Amino acid sequence: MQTERTQLALDGGRPIRETLLPYGRQTIEQVDLDAVVRTLQSDWLTTGPEVAGFEADFAQATQAAHAVSYSNGTAALHGIMAALGIGPGDEVVVPAMTFAASSNCAVYQGAVPVFADVEPDTLLLSPNSAERALTPRTKAIVAVDYAGQPCDYEALQALADAHGVTLVADACHSLGASYKGRAAGTLARMSAFSLHPVKPMTTGEGGMVTTDDSALAEKLKRFRSHGITTDLRQREQSGSWFYEMADLGYNYRLTDIQCALGRAQLPRLEAWTARRAAIASQYDVAFAERPYIQPVRTRPDRTHAHHLYVVRLAAGAWREDRKRVFSALRAEGIGVNVHYVPVYWHPFYRERFGYALGLCPEAEAAYESMLSLPIFPRMADADVADVVAALDKVHAAYGR
Ligand SMILES: *Cc1c(COP(=O)(O)O)cnc(C)c1O
């Protein structure tokens, strides 16, 4: 007979938690509220001093020469593709294990995304697979710092240099991480960040591109504001109405309200990253003695931003599949998630580009067995213990 403690919530038992523990969550404190209110009461709601101030602070935090804000991380990636002049006839190599925006940015410009596989233990872009994906039409490689761990930038840069293509970073997960002592944001020609609420810090919606190249920084600024060469504040200061639209751009601007929030958040990023690392190591310790859970590995030559804590259900250790385990954990009040469906599985990619299952076997195998466990700075040690207890409970029912 199952007791109330061991019976799964899915089967009518009592859940480990009464309310759902989310997989990620923003941290908003009084300083954030004050900064936003101050900006709302100021003269500039957009294209004002908070934008330039946030960009300067962000560049300093990532040790990049330039930071150019965008309305979201997807727009930032689009800006990168446009700044490189990527267009119809070009190909862009992207890992299969990522959010669709990593490759959609190439499609926006009329280019073809070509998917490469990931390393099975880290789920980071495999340099060997990226090399096999290169053709004479390849213009760029997008390195995705999956879960917050920087890719193998030395190998990827060597590959890019050898073939005359540009290495760019989708660093939407890895703000605060580093590779061989170099900060995320300086590891590729241009790096895109997301400031969505589940990401390392937030502006509500928001994005940023960092680069050391001032010509690219100018192109990125122009692209986010209609392709126009001067902004309103510059025109007011110079007392002139004149402006020129040099290229077709978009309105991808981040507001002063959002930038003020970002400036308020940034000084706490380091402490938040440290708290994420502490939570990750509590999980690591717990799973070291639970062979039915296999965390995605971290390489020793880099630091991790721990945007996600991803595990795989060990082969042979479970009688039920991931779908069932996912549902059981959700019923226990644990907000597990899955990052990601291999991008080319999406109907748009299959129908538009003719991609089929089997293209990237490591990404596909990982997808079938993976779960993202809750991790965010304000998560308590007791919350971590709940997640581990729920995994034990579900494994007692579904494991072998
Ligand atoms: C979040 C994310 C993006 C897009 O960022 P938004 O700010 O949501 O547009 C792009 N790439 C990856 C890997 C992401 O996780």
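Using the working numbering, the letters of the sequence shown correspond one by one to residues 277 to 676.
Quick reminder that beta carbons are idealized off the backbone N, C-alpha and C, glycines included.
The structure presented is a predicted model; accordingly, all values stated were derived computationally and were not measured.
Checklist entry - Contact check, His615 vs Val587 under 8 Å by CB: the rounded distance? => result The pair is not a contact, with the Cβ atoms about 11 Å apart (cut-off 8 Å).
Checklist entry - Going by DSSP, what residues sit across from Ala453 in a beta bridge? => result BP columns for Ala453 are empty, so no partner.
Checklist entry - Just the Cα atoms here: how many angstroms apart are Asp397 and Thr323? => result 44 Å
Next on the checklist: Does any residue of chain B have a CB that is nearer than 8 Å to the CB of Arg458?
Outcome noted: Protein chains in the displayed structure number just one, and chain B is not present.
Checklist entry - Does DSSP classify Asn613 as helix, strand or coil? => result strand
Next on the checklist: According to DSSP, is His342 part of a helix, a strand, or is it coil?
Outcome noted: strand
Checklist entry - Which of the three DSSP states, helix, strand or coil, is assigned to Val663? => result helix
Checklist entry - Helix, strand or coil: how does DSSP classify Leu226 here? => result Residue 226 falls outside the range modelled here, since the chain spans only 277 to 676, and no answer is possible.
Checklist entry - Of the residues Ile533, Val670, Ala547, which one's Cα is nearest the Cα of Trp320? => result Ile533
Checklist entry - Does DSSP put Pro403 in a helix, in a strand, or in coil? => result helix
Next on the checklist: Quick check: the stretch 598-611 against the stretch 438-455, are at least 3 beta-carbon pairs closer than 8 Å?
Outcome noted: no
Item to check | Segments of 4+ residues assigned as alpha helix (DSSP H) that fall wholly inside the stretch 581-610 | outcome: 598-607
Item to check | Given 8 Å, three or more beta-carbon pairs between the stretch 491-505 and the stretch 472-480 | outcome: no
Checklist entry - With burial defined as no fewer than 16 other Cβ atoms inside 10 Å of the residue's Cβ, what is the status of Thr338: buried or exposed? => result buried
Checklist entry - Ser648 bridges to which residues according to DSSP? => result Val586, Asn613
Checklist entry - Using DSSP with H/G/I as helix, E/B as strand and the rest coil, what is Gly289? => result coil
Checklist entry - For Ile681, which of Ser645, Arg575, Arg606, Tyr519 has the nearest alpha-carbon? => result Only positions 277 to 676 of the chain appear in this structure, which leaves residue 681 out of reach.
Next on the checklist: Using a Cβ-Cβ cutoff of less than 7 Å, which residues in the same chain neighbour Ala406 once the five nearest sequence positions on both sides are dropped?
Outcome noted: Val369, Ala392, Ile417, Leu432, Leu435
Checklist entry - Where are the beta strand (DSSP E) runs, 3 residues long or more, that stay fully inside the stretch 466-550, in chain order? => result 466-470, 483-487
Item to check | Nearest candidate by alpha-carbon position, reference His580, set Asn613, Glu565, Arg552 | outcome: Arg552
Checklist entry - Hey, is the stretch 511-526 in contact with the stretch 375-385, meaning 3+ C-beta pairs nearer than 8 Å? => result no
Checklist entry - If you check the beta carbons only, do Pro567 and Ala590 fall under 8 Å apart? => result yes
Next on the checklist: Is Phe334 a contact residue of ligand 1, with contact defined as CB to any heavy atom under 7 Å?
Outcome noted: no
Next on the checklist: Taking only three categories from DSSP, how would you classify Met277?
Outcome noted: Note on Met277: pLDDT 47, under 50, position unreliable in the model; the coordinate value appears next. Of the three classes helix, strand and coil, the one that applies to Met277 here is coil, per DSSP.
Checklist entry - Any idea what DSSP makes of Pro298, helix, strand or coil? => result coil
Next on the checklist: Could you check whether the Cβ of Ser516 sits closer than 7 Å to any heavy atom belonging to ligand 1?
Outcome noted: no
Next on the checklist: For Asp308, report the span of its beta strand (DSSP E) as first-last.
Outcome noted: No beta strand (DSSP E) contains Asp308, which is instead part of the alpha helix (DSSP H) from 306-316.
Next on the checklist: Under DSSP, the alpha helix (DSSP H) around Ile356 begins and ends at which residues?
Outcome noted: 349-359
Next on the checklist: Within the continuous alpha helix (DSSP H) that includes Glu627, where are the two ends?
Outcome noted: 623-629
Next on the checklist: Whole angstroms are fine: how far does the CA of Arg290 sit from the CA of Gly461?
Outcome noted: 46 Å
Item to check | Local Cβ density within 10 Å of Phe624, reported as buried at 16 or more and exposed below that | outcome: exposed
Checklist entry - What residue does the alpha helix (DSSP H) around Leu432 start on, and which one ends it? => result 429-439
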